[in-house]
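Here's the structure we're looking at; comments come further down.
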Amino acid sequence: PDADAGDLLRKADIALYEAKKNGRGRYQVFAGDMDDLLLRKRQVESELRHALNGGNGIKLAYQPIFAADGSTILGAEALIRWGHEVHGGLPPAQFIAIAEERGMIGQLGKWVLQEACRFAVGTELPWVAVNVSPLQLRDTGFAEQLAAVLAETGLAPGRLQLEITEGVLLDNNDTTRTALAALRRSGIAIVLDDFGTGYSSLNYLRRHAIDKLKIDRSFVNLLGRDESSAAIVRALVELADALNVGVTAEGVETEEQKALLVA
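Per this note's numbering, the sequence shown starts with residue 4, numbered consecutively.
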């Protein structure tokens with residue numbers, strides 16, 4: 004088909020972007036649907052900027068975290084939600100990825116921290132947990148920014164937990180390690196989220212001080228139905244106990260699952 008040089012370069016750039024997104028040493032052939040995907044992403048990016056600069060639609064929902072007895076609320080996890088006017092409820096992973104790609108994650112992350120800390124101050128919850136992006140932790144000013152948010156809202160550091168993924172520890176970034184150590188010294192707990200689904204390594208549990216592990220729901224869902232999953236969960240609980248690290252299990256929905264976790 005006819006195509007001018009500018010159009011070919013634009014399509015090559017889109018394919019290059021997709022290849023980079025999939026990791027180093029990859030290639031990507033341009034496909035027609037990439038045009039539509041790029042247009043959608045640009046639209047979401049524009050509307051996300053508007054929402055962060057005084058627009059509306061972005062909010063936090065809070066998921067309670069219960070003790071093993073099922074009756075005591077230990078804390079709550081702040082979950083970001085965006086009720087988009089056109090696309091409906093956009094998955095957080097989708098617009099967070101765009102925020103990371105387009106340099107908005109710092110602004111979005113600060114807003115989440117401010118809102119979650121204000122919420123916690125107005126409750127009797129022992130703590131509130133917030134997910135943080137690896138890019139936030141690589142920012143040399145993150146610890147200082149977080150200290151300012153705590154001072155502004157009046158929340159004690161011991162009432163805030165930061166959830167990170169295994170990829171953060173694999174990053175092997177000096178700035179990240181320094182930030183995590185400084186945050187823990189200040190009294191903020193560091194939680195390793197979705198443990199067991201990524202690149203789980205006992206070595207980085209030794210090298211990085213972690214306060215709590217969260218067992219991914221993919222293991223919890225199979226409790227009572229798959230013995231290998233039950234064995235893995237038991238081993239993770241025993242490991243955490245030996246390391247004096249707390250444990251949270253995601254997605255506990257039945258009495259059988261609860262009984263197997265506390266057995």
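Note that beta-carbon positions come from the ideal geometry of N, C-alpha and C, so glycine has one too. On a predicted model such as this, the values are computed, not experimentally measured, just so you know.
Cβ pair count under 8 Å reaching 3, the segment 96-109 against the segment 70-79
Counting C-beta pairs with one atom in each stretch, the segment 96-109 and the segment 70-79 have fewer than three that are closer than 8 Å, which means they do not touch.
CB contact flag (A123, R162, <7 Å)
To locate residue 123, count along the sequence shown from 1; it is residue 120. To locate residue 162, count along the sequence shown from 1; it is residue 159. One thing to note: A123 has its Cβ within 7 Å of the Cβ of R162.
For P67: DSSP bridge partner residues:
Mapped onto the sequence shown, residue 67 falls at position 64. Bridge partners of P67: A79.
Which term fits G143, buried or exposed, when burial requires 16 or more other beta carbons within 10 angstroms of its beta carbon?
Counted from its first residue, the sequence shown places residue 143 at position 140. For clarity, residue 143 is Thr in the given sequence; the question names Gly instead. With fewer than 16 neighbouring CB atoms inside 10 Å of its own CB, T143 falls in the exposed class.
Assign V265 to buried or exposed, taking buried as 16 or more other Cβ atoms, counted over all protein chains shown, within 10 Å of its Cβ.
Along the sequence shown, one-based indexing puts residue 265 at 262. With fewer than 16 Cβ atoms within 10 Å of its Cβ, V265 is classed as exposed.
Applying the 10 Å Cβ sphere with the 16-neighbour rule, what's the burial state of D196?
Looking up residue 196 in the sequence shown gives position 193. The residue is buried, with at least 16 neighbouring Cβ atoms inside 10 Å.
For A212 and S136, what's the separation of their Cα atoms in angstroms?
The residue labelled residue 212 in the question sits at position 209 within the sequence shown. The residue labelled residue 136 in the question sits at position 133 within the sequence shown. So the two alpha carbons sit approximately 18 Å from each other.
If we count the other Cβ atoms within 10 Å of its Cβ and call it buried at 16 or more, is A79 buried or exposed?
Here residue 79 refers to the residue found at position 76 of the sequence shown. A79 comes out buried.
Can you tell which of L140, G157, R188, L186 has its C-alpha closest to the C-alpha of V171?
Working through the sequence shown from its first residue, we reach residue 171 at position 168. Closest by alpha carbon: L140.
Check whether the segment 212-221 touches the segment 245-253, counting contact only when three or more Cβ pairs, one atom from each stretch, lie closer than 8 Å.
Short answer: they touch.
Residue span of the beta strand (DSSP E) that contains Q164, given as start and end
Here residue 164 refers to the residue found at position 161 when the sequence shown is read from its first residue. Segment 163-167, the beta strand (DSSP E) holding Q164.
Could you give the DSSP three-state label for F33: helix, strand or coil?
Here residue 33 corresponds to residue number 30 of the sequence shown, with the count starting at 1. Correct three-state label for F33: coil.
Beta-carbon within less than 7 Å of A22's beta-carbon, same chain only, minus the 5 sequence neighbours each way: which residues are those?
Position 19 of the sequence shown, counted from the first residue, corresponds to residue 22. Answer for A22: R29, Y30, Q31, listed in chain order.
Measuring only the C-alpha atoms, how far is I61 from A238?
Stepping through the sequence shown from its first residue, residue 61 is reached at position 58. Stepping through the sequence shown from its first residue, residue 238 is reached at position 235. Cα to Cα, the separation comes out at about 39 Å.
Just to check my reading of the structure: L138 and I108 have Cβ atoms closer than 8 Å, yes? What is that Cβ distance to the nearest angstrom?
Along the sequence shown, read from residue 1 onward, the residue named residue 138 stands at position 135. Along the sequence shown, read from residue 1 onward, the residue named residue 108 stands at position 105. Yes, L138 and I108 are in contact; Cβ-Cβ is about 5 Å, under 8 Å.
Between the alpha carbons of A54 and V115, how many angstroms are there, rounded?
By 1-based counting over the sequence shown, the position of residue 54 is 51. By 1-based counting over the sequence shown, the position of residue 115 is 112. Those two C-alpha atoms are separated by around 13 Å.
Between which two residues does the alpha helix (DSSP H) holding L128 run?
Stepping through the sequence shown from its first residue, residue 128 is reached at position 125. From DSSP, L128 is part of no alpha helix (DSSP H); its letter is neither H nor E.
I'd like the span of the alpha helix (DSSP H) that includes A252, first residue to last.
Within the sequence shown, numbered from 1, the residue matching residue 252 stands at position 249. Boundaries for A252: no alpha helix (DSSP H) harbours it, while the beta strand (DSSP E) harbouring it runs 249-252, taken from the DSSP string.
On the DSSP letters alone, give me the boundaries of the alpha helix (DSSP H) that A185 sits inside.
In the sequence shown, counting from the first residue as 1, residue 185 sits at position 182. DSSP places A185 inside the alpha helix (DSSP H), whose first and last residues are 177-188.
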